[in-house]
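These notes concern the structure reproduced below.
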Amino acid sequence: QVQLVESGGGLVQPGGSLRLSCTASGIRLSINSMGWYRQAPGKQRELVASITYDFRTNYADSVKGRFTISRDNAKNTVYLQMDSLKSEDTAVYYCNRFPYTGASWGQGARVTVSS
Numbered sequence: 546q547v548q549l550v551e552s553g554g555g556l557v558q559p560g561g562s563l564r565l566s567c568t569a570s571g572i573r574l575s576i577n578s579m580g581w582y583r584q585a586p587g588k589q590r591e592l593v594a595s596i597t598y599d600f601r602t603n604y605a606d607s608v609k610g611r612f613t614i615s616r617d618n619a620k621n622t623v624y625l626q627m628d629s630l631k632s633e634d635t636a637v638y639y640c641n642r643f644p645y646t647g648a649s650w651g652q653g654a655r656v657t658v659s660s
């Protein structure tokens with residue numbers, strides 16, 4: 546059974562930084578492409594960043610140049626470094642397979658950007 550546990554969320558001022566972590570069990574991240582998704586209040590869940598099994602990355606235009614996705618296969622963990630945060634980045638952030646295959650979502654990491 547696949548379990549994904551996100552952590553590292555919190556309250557941060559505009560312009561600040563956060564690093565999210567996604568630790569997986571029941572799935573080997575080294576042979577899977579993974580993505581970070583987010584769902585803002587009243588909006589649909591959207592893909593923010595993805596990283597393939599061979600470390601190719603891609604980003605939504607709204608976060609390009611500010612967010613960095615990475616992975617540590619030894620720790621079976623995927624990260625999302627978020628810099629220059631804006632109020633519009635406020636959302637619950639989730640990790641999951643990329644492309645999304647219908648697997649269950651974790652509890653997410655809540656990120657609030659506010660002064």
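Under the numbering used here, residues 546 to 660 are what the sequence shown spells out, in order. All C-beta atoms, glycine included, are put in the ideal place defined by N, C-alpha and C. Just so it is clear, the structure is predicted and the values come from calculations on it, not from any experiment.
Query	Result
Between V547 and R573, what straight-line distance do the alpha-carbon atoms span, to the nearest angstrom?	10 Å
Hey, out of R616, W581, T568, A636, whose CA is closest to Y645's CA?	W581
Can you tell me which of the three DSSP states K641 falls into?	Per the sequence presented here, residue 641 reads as Asn, with Lys not at that position. It is a strand residue.
In angstroms, rounded to a whole number, what distance separates the CA positions of G651 and L556?	20 Å
Contact defined as beta carbons within less than 8 Å: I believe I614 pairs with A594. What is the distance between those atoms, to the nearest angstrom?	4 Å
Where does E633 land, buried or exposed, given buried means 16+ other C-beta within 10 angstroms?	exposed
Would you please state the rounded distance, in angstroms, between the beta carbons of E551 and G653? I believe it to be under 8 Å.	5 Å
Output the distance between the C-alpha atoms of P559 and V656, rounded to the nearest integer angstrom.	12 Å
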